[in-house]
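Trainee:
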Amino acid sequence: MGVRGLNMDTVIKVENLTKRFGNFTAVDNISFEVKRGEIFGFLGANGAGKTTAMRMLCGLSIPTEGKGTVAGYDIFKQPELIKKSIGYMSQKFSMYEDLKVWENLELFGGIYGMNDKVIKQKTDELMIKLNFEDERDKLVKSLPLGFKQKLAFSVSIFHQPQVVFLDEPTGGVDPITRRRFWEMIYDATAQGITVFVTTHYMDEAEYCDRVSIMVDGRIEALDSPDNLKKQFNAKNMDEVFQQLARKAKRVDN
Amino acid sequence: MYTIEVKNLYKNYYSDKSGKFAGIGKKPNTEDDSNSVPLQGLGAGISFDVNRGEIFGIIGPDGAGKTTLFRILTTLILAESGTATIDGFDVVKDYKEIRKRVGYMPGRFSLYQDLTVEENLEFFATVFNTTIEENYELIKDIYVQIEPFKKRRAGKLSGGMKQKLALSCALIHKPSVLFLDEPTTGVDPVSRKEFWGMLQKLREQGITILVSTPYMDEASLCDRIALIQNGQFLKIDTPQYIVSQFADVLWAAKSDTMHKLLEDLRKDEQVKSSFAFGDSIHITSPLNPPEGDLNSLSIDKLTKYLTKIGHKNVEIKEIEPTIEDCFMNLSQTK
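So the protein lines, in turn, are chains A and B. For our numbering, add 221 to where a residue sits in the first sequence, where the first one is 1. For our numbering, add 2 to where a residue sits in the second sequence, where the first one is 1.
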């Protein structure tokens with residue numbers, strides 16, 4: 222195992238992180254820290270550089286400049302160890318539709334190196350907790366969207382990662398399911414899992430402990446939702462976002 | 003005559019024995035009565051009308067049947083039962099006529115990625131027997147924003163630019179009705195606002211717009227809306243009227259410990275529902291409690307109770323519902 226970060230209370234730490242593609246600077250010199258157990262909202266307009274930044278944090282893309290650690294591992298030198306220590310879920314990819322519920326859990330548990338006994342035991346626990354016992358043997362594709370979403374999130378934290386990256390996890394789901402989903406996120410943080418989440422729903426930004434807003438590759442604001450609203454003299458996070466994102470110069474919008 | 007007239011439209015993709023339903027309308031003779039009123043006869047479908055020059059929003063989550071409805075109305079698939087007309091033309095018999103007069107922007111980007119911006123627009127103009135010049139006025143406001151990139155291939159455009167090109171292509175033959183299937187899904191709040199601004203301008207030019215979205219906050223930008231879930235309409239009306247018909251009392255609550263507040267409210271039997279809503283929790287309780295019911299909830303009582311069990315800075319006030327509140331309220335009672 223690699224050398225763990227000295228400060229165990231910091232799960233993500235990046236300094237002057239930059240990613241260039243040719244002469245285009247997708248992520249421009251960003252620095253921030255995320256504390257253990259925190260819900261960190263990562264906001265920005267389309268094309269602001271969120272996906273590129275997130276790929277670097279997940280060990281999928283090597284930065285051009287800067288430095289950083291995720292789960293105590295160096296993002297330049299130890300991307301494989303990072304991948305083992307994190308969970309990931311997006312709206313687009315969640316699970317294998319042609320596998321049964323328990324088969325998905327076994328597959329992902331196995332990939333992350335959990336042993337069969339632990340997988341079995343944790344599967345049992347999860348089915349009870351989610352009230353999913355009747356769905357255990359069903360194919361994922363036969364489940365309603367709300368079920369899938371809950372299950373996908375449970376799969377992403379099944380191996381008890383230090384931090385889970387959620388990329389627009391609630392896109393398109395109905396308003397009640399969306400809120401139930403956030404209640405699951407709170408449960409996960411109670412277990413000590415750190416949550417790094419992107420969303421286009423500004424009411425969800427209010428549920429985060431801290432929020433960063435990217436504009437043209439840079440982090441233009443970073444604070445708790447309450448402080449950001451004060452700072453920008455806004456009544457909600459949508460107004461904060463509108464004020465910042467309208468400054469964008471990149472020709473994306 | 004209505005511009006769009008839909009009567010009892012029904013379509014189920016799972017006609018096999020799986021018992022599942024996906025599509026629009028209500029599965030006939032269903033044994034799953036968990037969320038339904040008893041059915042009369044075969045396949046209870048959905049019905050609605052759209053007036054000329056209206057922006058009509060179909061609002062609901064993924065899998066509610068929005069795309070199925072759009073595909074039937076744009077003559078791409080057939081319904082199992084029911085009828086629909088566009089400008090008086092039948093979607094089955096007169097499909098050729100309909101295809102000439104509607105513009106359709108599907109949910110998935112479906113322009114030619116290997117053609118440039120300009121080539122795509124020219125292609126669609128040609129297919130509809132017209133030229134870019136002839137209808138340029140209609141798309142001008144939108145197209146000028148992407149014109150600097152007209153030599154760029156569509157596949158190389160960013161999300162926002164693709165959206166503008168797709169809208170331009172759907173408009174180039176000056177359609178009478180525009181069908182926009184989730185044009186703003188996955189789009190950031192700033193670009194969404196801008197897109198709705200474009201729609202308002204198009205309406206001023208007399209184009210009827212049927213638009214679907216999973217974002218409840220976009221409802222207020224429509225003249226009328228239909229809230230849809232599991233293939234069924236929960237309500238059709240103006241956003242203002244739907245809000246005025248909210249069946250319960252609605253309060254917004256805050257305290258210093260929001261997660262615990264939610265937990266405590268959930269335990270309270272007199273609270274009908276409680277959900278996080280931005281920086282507060284929205285609580286519903288029945289509007290007309292039985293007369294003389296000493297247990298009925300009041301803001302005062304609830305504030306005292308929550309303070310007693312340890313909450314600090316409890317703040318509860320009555321609020322106007324949003325469409326999202328209405329959707330949640332209606333889908334819970336269904």
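Just so you know, even glycine gets a beta-carbon here, dropped at the ideal spot from N, CA and C. Predicted model only: the values in this text are computed from it and were never measured.
1) For Tyr243(B), count neighbouring C-beta atoms within 10 Å of its own C-beta (all shown protein chains included) and say buried if the count is 16 or more, exposed if not.
2) Output, in chain order, the set of chain A residues within a Cβ distance shorter than 7 Å of Gly280(B).
3) Between which two residues does the beta strand (DSSP E) containing Asp459(A) stretch?
4) Does the Cβ-Cβ distance between Arg431(A) and Glu259(A) come in under 8 Å?
5) Are the beta-carbon atoms of Ser257(B) and Leu308(B) separated by less than 8 Å?
6) Listed from N- to C-terminal order along the chain, which residues in the stretch 314-338 of chain A have their beta-carbon within a distance smaller than 9 Å of any beta-carbon of chain B?
7) Three-state secondary structure (DSSP) at Ser282(B)?
8) Put Pro300(A) into one of helix, strand or coil per three-state DSSP.
9) With a CB to CB cut of under 7 Å and the five nearest residues on each side skipped, what residues in its chain are close to Gly208(B)?
10) Between which two residues does the alpha helix (DSSP H) harbouring Tyr310(A) extend?
11) Within 8 Å, do at least three Cβ pairs link the stretch 85-95 of chain B to the stretch 238-254 of chain B?
12) For Arg401(A) and Gly367(A), what's the separation of their Cα atoms in angstroms?
13) How would you label Arg399(A), buried or exposed, when you count the other beta carbons within 10 angstroms and need 16 or more for buried?
14) Quick one: what's Phe248(B) bridged to in DSSP?
15) Flag this pair as yes or no: are the beta carbons of Leu328(A) and Thr344(A) separated by less than 8 Å?
16) Specify the secondary structure class of Val376(A) as computed by DSSP and reduced to three states.
17) Can you check whether the C-beta of Ala247(A) is within less than 8 Å of a C-beta belonging to chain B?
18) DSSP has Gln231(B) in a bridge; who is on the other side?
19) In chain order, what residues of the same chain have a beta carbon less than 6 Å from the beta carbon of Lys13(B), not counting five sequence neighbours either side?
20) Roughly how many angstroms lie between the CA atoms of Ile318(B) and Ile325(B), to the nearest whole one?
21) What did DSSP end up calling Pro288(B) once you bin it into helix, strand or coil?
22) Who does Ile48(B) pair with in a DSSP beta bridge?
23) Rounded to whole angstroms, what's the CA-CA distance from Asn131(B) to Arg110(B)? Just pull it up for me.
Mentor: Answer, in terms of the structure:
1) So Tyr243(B) ends up on the exposed side.
2) Those are Asp424, Glu427 and Asn457, listed as they occur along chain A.
3) Here Asp459(A) belongs to no beta strand (DSSP E); instead the alpha helix (DSSP H) covers Met458 to Ala466.
4) Yes, these two residues count as a Cβ contact at 8 Å.
5) Yes, the pair counts as a contact, with Cβ atoms nearer than the cut-off.
6) Cβ contacts with chain B come from no residue of the stretch 314-338 of chain A.
7) In this structure, Ser282(B) counts as strand in the three-state DSSP scheme.
8) Pro300(A) falls in the helix class under three-state DSSP.
9) Cβ neighbours of Gly208(B) beyond the five flanking positions: Gly55.
10) Sequence inspection shows Met at residue 310(A); the Tyr mentioned does not correspond to that position. Run containing Met310(A): none in the alpha helix (DSSP H); it sits in the beta strand (DSSP E), Ile307 to Ser311.
11) No, the stretch 238-254 of chain B is not in contact with the stretch 85-95 of chain B.
12) Per the coordinates, the alpha-carbon of Arg401(A) lies some 9 Å from the alpha-carbon of Gly367(A).
13) Per the 10 Å Cβ criterion, buried.
14) The partner list for Phe248(B) (beta bridge, DSSP) is empty, contrary to what the question assumes.
15) Using a Cβ distance threshold of 8 Å, Leu328(A) and Thr344(A) do not count as a contacting pair.
16) Here Val376(A) sits in helix by DSSP.
17) Not a single C-beta of chain B is nearer than 8 Å to the C-beta of Ala247(A).
18) Gln234(B).
19) Excluding residues within five positions, the ones whose Cβ falls inside 6 Å are Gly25, Ile26, Thr70, Ala81 and Glu82.
20) The straight-line gap from Cα to Cα measures roughly 20 Å.
21) Strand.
22) DSSP, once it has assigned bridges, lists Leu11(B) as partnering Ile48(B).
23) The alpha-carbon atoms of Asn131(B) and Arg110(B) are separated by roughly 25 Å.
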